[in-house]
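In numbering that gives the first Met the number 0, the protein residues as written are 0 to 585.
Quick reminder that beta carbons are idealized off the backbone N, C-alpha and C, glycines included.
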Amino acid sequence: MRSRILKAISLIFLPLIFIALFLAFLVIKSTNQYRPSIYNYESYLAPTIINKLKSKYNFKEFKEISEFTQALLQDKAIAGIGSDFQAAQLILDRKIQKIDFSLVYGEKYKDWKERQFLYTPNVREHILRFDALILNILESDKSNKYKNFEIKKNSEGKPIAFRDKLNNNNKEVWDHFYDYIIPYFTQDKGIAYNINPKTRPNLNINNAIEKLNKNDKIFSWNEILQILSKNNYTHFGWTHAYLDNMMIGAFNSGENWEKIFTKKIGDNKIFDFNESNYKLAIDSFINFVKNSTGNDIKNNKKHYFSGDGLELLNHLIEPKTSRSDASIMYNGDALDAFYSEDNFQSVESGLIRFIRPKNTYMLMDNWIISKSLSKKETTTFLKAIRDHVINIDKHKNNIQNIEKIFFNQFKNNMTKQLKQSAEASFFETIHNIDKTLKDKLIQEFLKNKEFFNINEKSTSFEEWNSKKFREFLKDPTIQENYEWFLIWRNNYQDHNEAFLFDDLMSDAFANSEIGSISNFDYVSYTPTEKIIYDFIKKWYFGSNKVAISIFDQPESNNNYQVFSYPIIDNNLRTKIITYYYEKTKS
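Put into structure tokens, the structure is as follows:
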């Protein structure tokens, strides 16, 4: 009898147990489904954007660009943010794919003829220089390493395009660097120096500033560091990156440096490190450090080396002895150092200056996609970038649209904060009132607070300022409204209301609906899209000319040249690294 009962129970419950186990398996599988990996530098994408991407992708951060390269070569990464010279080499290695830009910017910008105008002039020139770099390598390929590529030449016999013969079904289509990359941020190199008399009392700050700003002259690397050294700037920060330092060495190798280290491909002048000149570039850098600072490169009491931009800027602003007085760094890191209170609350902001030498170089980081990714997965990824990072579908590449979106969000946040402030004031006012009366007042207030009109609330603003502020919010694009806002933002002294343009403006940038804006607020590097670049320049810094000058990247001219990083093949890179560390390490 008992066995029949147990058998009956098992017949009833065993299927239920199997069903429960199956459902549990499905739940576990759905919550732990495979997510392909996206790679990015550390602290190089706003957390809000990362969280959105994490819903579909495994997000990984790296310190060295080589980590991302290896992940792509081993098919461990489907996409990510990498550097321009890395992308160029991966094109030659046939490891990344061309991009359908209609999925990112819309059909109008699918073709480069239209898409190029989305970017700043500097970015357009930079991209074309990388075309020249790739063509130079293909044309100079004596060992047939890149035999699967062919070059298109113009009527004058000059190379103008390339293509992968094994992966190009349309014989009318030729490739360019810009077909493979979505530009992200740019960074240009210069010298940041500390002018804080409290943390660096030994420096002759005023004299250094006067000399470096004399007659708006554009100085060489050597001239800048010598002026700083003569004014007691004795501790210097440097990057570990050998390519950066080789270019600085080339700039300072002598009057004929361009003849030795550069070549012309079409209309573009590019760096060309090779077997015959790489040692000269490294030796020249070592001599430059000694001649300009007065101390040998191996003197680690005077020279601080790091491959991390955050470490370099912290070393520059940290209020301790024996820290850097000046540092060679990117403009984005210098801008971060300028707003020093974000890193050290005890250090006053605004006491960093940044100067660009007359010959310098620029790095552009880009989104790239692995060639192994399927068409369907690629489409999904590009749409995610469009929706969470680019957002051109929201602002339609129009600065007035961006301003409207931004300040509508600002206005809504401001109204919310003021209402919360008014509520707090109300409850504070009735704090000492008789409890019975207080309860009635609170109930009445809560019942009617939806009808509370913030414009009728008496504040510390004078009526005229209130009126002007409402006019500004109605249309921030009108020049008169914009100028009034700048004056108010920079000079308003009522600390009880200061959040209106400090905290709220910061929140508006940090939480902007347009990913490119919130991303800049987090990263501080220079946007590649002209419309975002112009918006940031106009609104982010107020009228702070020093901050704007750090952010603003000048275009090349007769007195100022900007170069791109060279592409180095693996054999030469090995020789360069060996010789560089032999000469620089004690």
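Under the three-state reduction of DSSP, residue 370 is assigned to coil, being neither helix nor strand. Here the segment 237 to 250 does not lie against the segment 169 to 179, with fewer than 3 beta-carbon pairs under 8 Å apart. For residue 79, DSSP records a beta bridge to 38, 367.
Sequence-distant Cβ neighbours of residue 100 in its own chain, meaning closer than 7 Å and more than five residues away, are 108, 109, 114. Counting only residues of its own chain and dropping the five nearest sequence neighbours on each side, residue 136 has a CB closer than 8 Å to the CB of 91, 145, 566, 568. Closest in alpha carbon position to residue 105, among 396, 299, 50, 283, is 396. Taking the C-beta atoms as reference points, residue 551 is found no nearer than 8 Å to residue 355. Straight-line spacing of the CA atoms in residue 481 and residue 504 works out to 14 Å.
If you check the CB distance, residue 311 and residue 326 come in under 8 Å. Counting the other CB atoms within 10 Å of its CB gives residue 85 a total of 16 or more, which places it among the buried residues. In terms of CA proximity to residue 184, 329 leads the group 373, 339, 559, 329. Approximately 20 Å separates the beta-carbon atoms of residue 276 and residue 296; this is outside 8 Å, ruling out the contact. The segment 244 to 264 and the segment 524 to 543 do not touch, with fewer than 3 CB-CB distances between them shorter than 8 Å.
In its chain, beyond the 5 residues on either side, 295, 296 have a beta carbon closer than 8 Å to the beta carbon of residue 289.
Taken in chain order, the whole beta strand (DSSP E) runs of length 3 or more contained in the segment 320 to 402 are 325 to 329, 351 to 354, 358 to 368. Between the beta-carbon of residue 80 and that of residue 56 there is about 13 Å, and that puts the pair past the 8 Å contact cut.
Rounded to whole angstroms, residue 509 and residue 333 show a C-alpha spacing of 20 Å.
DSSP places residue 267 in the uninterrupted beta strand (DSSP E) bounded by 267 to 270.
Under the three-pair Cβ rule at 8 Å, the segment 123 to 138 does not count as touching the segment 396 to 412. Taking a cut-off of 8 Å on C-beta distances, the segment 361 to 369 touches the segment 61 to 78, as three or more cross pairs fall below it. Taking C-beta atoms under 8 Å as the contact rule, residue 71 and residue 94 qualify, at a distance of about 5 Å. In this chain, residue 92 is not harboured by any beta strand (DSSP E), its DSSP state being neither H nor E. Secondary structure of residue 527 (DSSP, three-state): coil.
If you keep only unbroken alpha helix (DSSP H) runs of at least 4 residues inside the segment 158 to 210, you get nothing at all.
Shown here, residue 559 sits in a strand according to DSSP, grouped into three states.
Per DSSP, residue 264 is not a residue of any alpha helix (DSSP H); the beta strand (DSSP E) it occupies stretches across 261 to 264. The beta-carbon separation of residue 103 and residue 198, rounded to 45 Å, does not stay under the 8 Å limit for a contact. For the pair residue 324 and residue 524, the CB atoms are not nearer than the 8 Å cut-off. Counting along the chain, no alpha helix (DSSP H) covers residue 305; the unbroken beta strand (DSSP E) around it starts and ends at 302 to 305.
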